[in-house]
Each structure stands twice: as structure tokens, then as C-alpha cells.
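Data block below; observations after.
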Amino acid sequence: MTRRFPPGSLEADDVLSGRVEGNFVRVLTRLLAAHAMAEKLTAIGYERALTTAGRPDLCSIVSKNLTEERKHAQLIYAALAELRVPEVQADRLLVSALKGPAFAAPRHFAENSADELGLVMAAVSLDMTGLIMIGVNYKESSYAPHARAAEVILAEEEEHELFASNVLRDAAERLGAEPVNQALREWLPRAVNFFGPPGSGFSFDCISYGLKARDNHELAELYLTLLERRLHQAGLEMPSLTRDYPHQLA
Ligand SMILES: [Fe+2]
Ligand SMILES: [Fe+2]
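Going left to right, the sequence shown walks through residues 1262 to 1511 as the working numbering numbers them.
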């Protein structure tokens, strides 16, 4: 597929002045709204986990992550505001998507109390995935404000991914493999579905406009490869999943 706009080639003015087609603006707005929502739900989950995860030694890292996730959400909502889309309007675009499998992981984290293992699973399901989405897809966005925000977010998400890997290994050592394997079987389908459906018309538009570099399923495969390596290092088992989206335990 040919990419019509190179990385960082469009600014808010290009979009607002009508130099790009209306569908570009619609697709960009929805993509930013989904990114902002994922960051916001992750922040809500970290905020709750701060009081429920029950590990004082984790609190300082969790509160650092919380501050950063809030900042990530603000950065993307600021990019939407520049396009004259206020936060409530952006969130309204996602009313039905939020009920679907792509948002199950961040919603679960935001809506349920996470114990220590829940916190580990959220980090594995939201920070590892987020790092891939932002590093592979958004960093090279044709929309320069999104590419710039992604660069700021990426540096922090690299640390969150490291945190996720560390707490995963630590949980396997302290709690034993079985409870962690059990939690992985519960969380992995949601984590993979967070990338969204493969080959959708929306992703096709995103890729041809240069708003994404890769299709959702390519990112999901990258994630599974990375996670499998992490699980292997921690002596944990990779759950097997069904092939088709939305993925379930096989
Ligand atoms: Fe984030
Ligand atoms: Fe994160």
C-alpha cells in the first residue's frame, strides 16, 4: 500500500485550512481519540492500583507511571484541542468502541481493583502493547503533532515496559509460576485484542494516510513474540490463543 503523506509532513494548520481531505481529518480525530482514551483509562487504573496493589515498595514506581500516563493523555487531548475537538467530544466518538474487545484491557484495569498480580498483568497488557503501538505506528505519523507527542511518550513507555518485565519476573519468583500463568490466561486475550481488528477499513485509511505504519495484526504478532521471550525468561507459560480476532484462549 502506498503511503500518501510522509512522516511529520502535516501540521494542524494543514488540516484546519482544508488542504487535506475531510476523511483524513475524520480518521485522524478518531485515531487520536482512541489513543487519548487508552492513556486515560491506563492512568485511572494506575491511580486505583496505588491503593489496592498492596506493595509499598511498588508505590513509588506506580505513582511515577500514573503521573506519566496522565501526561500522555493530556498530550493527546491537547493535540485534539488544537484540531478544535474538546475532550468530551473526542470521548463521545468512542462510545460504541469502548464496549468492544479492543478496549477490554484498559477498561478492565480502569474499572476493577487490581491486586498485585492484576497490576503486573495490566503493565504487561497495557504498557508493553502501548510501547509497540507508539514506537512502531505513531512515532512516524504523517501528522507531526502526533509524531512529536509519540516521541515524548515513547521514552517513558520504554521505562514502563522495563517495569512490566521486572514485576512479571518478580511475581513468578515470589508467588510461583502457577498463579501468574493463570492470570496470563485471563489477561492475554484482552491484551492482544487491544491492538484492534486486522485489516479494517479504518486501519487501511490510517496506513494510506501515513497515520500508522503497520496493520494491527502485525503489531499483535510483534507483541506475542516479545512477550513469549519475556515469559520464557521468567519460567512462565505462553497461553495459546485462537487465530481470529477477537482472540480467545484456544
Ligand atoms: Fe502511556
Ligand atoms: Fe505506560
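C-beta: ideal position from N, C-alpha, C; glycine also.
This structure is a prediction, so every number in the text was calculated from the model and none was measured.
Asked                                                                                                                                                          : Found
Out of Thr1390, Leu1359, Arg1280, Ala1474, which one is the CA nearest neighbour of His1421?                                                                   : Thr1390
Nearest-angstrom Cα distance between Phe1465 and Asp1476?                                                                                                      : 8 Å
Quick check on the DSSP output: the alpha helix (DSSP H) that includes Ala1365 runs from which residue to which?                                               : 1365-1372
Buried or exposed for Ser1402, please, with buried defined as at least 16 other CB atoms from any protein chain shown within 10 angstroms of its CB.           : buried
With distance defined between alpha-carbon atoms, name the residue in Met1394, Arg1430, Arg1287 nearest to His1493.                                            : Arg1430
When we look at the beta-carbon of Lys1473 and count the other beta-carbons within 10 Å, is it buried (16 or more) or exposed?                                 : buried
Where in the region 1391-1466 do unbroken runs of the alpha helix (DSSP H), each at least 4 residues long, occur, reported from the N-terminal end onward?     : 1405-1436, 1438-1454
Rounded to whole angstroms, what's the CA-CA distance from Gly1269 to Ser1469? Just pull it up for me.                                                         : 14 Å
Judging by CA-CA distance, which residue of Leu1271, Lys1332, Pro1507 is the nearest neighbour of Pro1459?                                                     : Pro1507
Compare the C-beta of Arg1291 with all C-beta atoms of chain C and state if any pair is closer than 8 Å.                                                       : Absent from the structure is chain C; it holds one protein chain and no more.
Under the three-state reduction of DSSP, which class applies to Leu1472: helix, strand or coil?                                                                : coil
Residues in its own chain within less than 8 Å of Ile1322 by CB, not counting five upstream and five downstream?                                               : Phe1424
State the CB to CB distance for the pair Leu1387 and Phe1370, rounded to an integer number of angstroms; the pair is presumed to be in contact (CB under 8 Å). : 6 Å
Return the CA-CA distance between Asp1505 and Ala1452, expressed in angstroms with no decimal places.                                                          : 14 Å
Is Thr1390 close to ligand 2? I mean its beta-carbon at under 7 Å from any heavy atom of the ligand.                                                           : no
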